[in-house]
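Per our numbering: the sequence shown = residues 5 to 204.
The beta carbon of each residue, even a glycine, is placed where N, CA and C say it ideally should be.
The structure presented is a predicted model; accordingly, all values stated were derived computationally and were not measured.
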Amino acid sequence: MKIGEAQQIYREQVKAYQQQKQVLSKQLTALRSDMDQTEDEAQRSAFSKEAAVLELSIGALNDRQKEYQDYLDELTEQYCAQWNAVSSEQQADAYKEYAEDLGKIMEVARRIMRGATVPQSDEKKLMDFDSELYQMAKAVGEMAKRMKEEREEYDSLWKDEEKKEYEDPQEAAENATAAGTGPEIVSVEETLAGVSVPEE
5 MKIGEAQQIY REQVKAYQQQ KQVLSKQLTA LRSDMDQTED EAQRSAFSKE AAVLELSIGA
65 LNDRQKEYQD YLDELTEQYC AQWNAVSSEQ QADAYKEYAE DLGKIMEVAR RIMRGATVPQ
125 SDEKKLMDFD SELYQMAKAV GEMAKRMKEE REEYDSLWKD EEKKEYEDPQ EAAENATAAG
185 TGPEIVSVEE TLAGVSVPEE
């Protein structure tokens with residue numbers, strides 16, 4: 005099962021259990037109020053048994069909800085790990101690309117300083133990166149041109165490179181396979197049906 009799908013299923017379960025616990029808690033509060041107001045022992049005893057069933061039901065719902073919430077927390081950790089893995093790969097590529105571009109920019113500056121002719125697009129990249137370095141390289145290059153008779157001419161260091169397409173970290177995390185198996189999905193009704201009060 006995919007992490008995103010599993011998160012959706014278990015979130016719905018947690019929500020359903022929480023809603024049912026709220027309903028039963030209100031019933032329990034009302035029942036206790038009725039118990040406090042009645043003076044009839046038989047009715048008080050009936051209220052007491054009903055209150056015990058409600059308390060056990062709330063406890064059973066709480067236990068099952070906690071089990072689902074714990075698994076949901078595990079899924080969240082897996083989701084974050086997947087997200088971080090994809091993001092880290094993208095960042096590593098970005099840093100590598102930046103370092104390569106920086107090396108190319110420095111090479112363009114070196115070539116200009118030697119009086120060589122470089123493509124206008126390469127000069128623009130140098131100027132965009134550091135206008136002061138560009139101006140200095142051009143000034144030094146002009147002096148070098150006066151001293152040389154022959155000038156070197158270079159092709160662009162930036163070939164027609166295709167931009168690498170990256171996977172969306174959120175999509176990757178949601179579509180990753182959930183590790184392990186989650187707790188069995190049991191409806192609120194089934195959980196409540198399993199609650200019984202021990203006979204005295």
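Compare the C-alpha of residue i against each of the options and name the closest.
i: Lys-6; options: Gln-47, Gly-119, Gly-63 and Thr-185; result: Thr-185
i: Arg-36; options: Pro-173, Ala-56 and Gln-17; result: Ala-56
i: Met-151; options: Ala-120, Asp-126 and Met-140; result: Ala-120
i: Ser-200; options: Lys-142, Leu-58, Glu-16 and Ala-34; result: Leu-58
i: Gln-174; options: Tyr-75, Ser-91 and Gln-23; result: Ser-91
i: Ile-189; options: Lys-142, Gln-17 and Gly-8; result: Gln-17
i: Ser-191; options: Leu-65, Thr-181 and Leu-32; result: Leu-65
i: Asp-126; options: Glu-194, Ala-113 and Thr-195; result: Ala-113
Is residue i buried or exposed, if buried means 16 or more other CB atoms sit within 10 Å of its CB?
i: Lys-168; result: exposed
i: Tyr-21; result: buried
i: Arg-155; result: exposed
i: Gly-145; result: buried
i: Ala-177; result: buried
i: Gln-47; result: exposed
i: Ile-109; result: buried
i: Gln-26; result: exposed
i: Gln-61; result: Here residue 61 turns out to be Ser, not Gln, going by the sequence shown. Buried, by the Cβ-count rule.
So for residue i, helix, strand or coil by DSSP?
i: Glu-169; result: coil
i: Lys-6; result: strand
i: Glu-157; result: strand
i: Thr-121; result: strand
i: Thr-185; result: coil
i: Gly-198; result: coil
i: Lys-152; result: coil
i: Asp-40; result: helix
i: Ala-103; result: helix
i: Ser-29; result: helix
i: Val-112; result: helix
For the putative contact between residue i and residue j, defined by C-beta atoms under 8 Å, what is the C-beta separation to the nearest angstrom?
i: Arg-118; j: Tyr-158; result: Rounded, the Cβ-Cβ distance is 10 Å, inconsistent with contact.
i: Gln-11; j: Tyr-83; result: 7 Å
i: Pro-123; j: Ser-160; result: 4 Å
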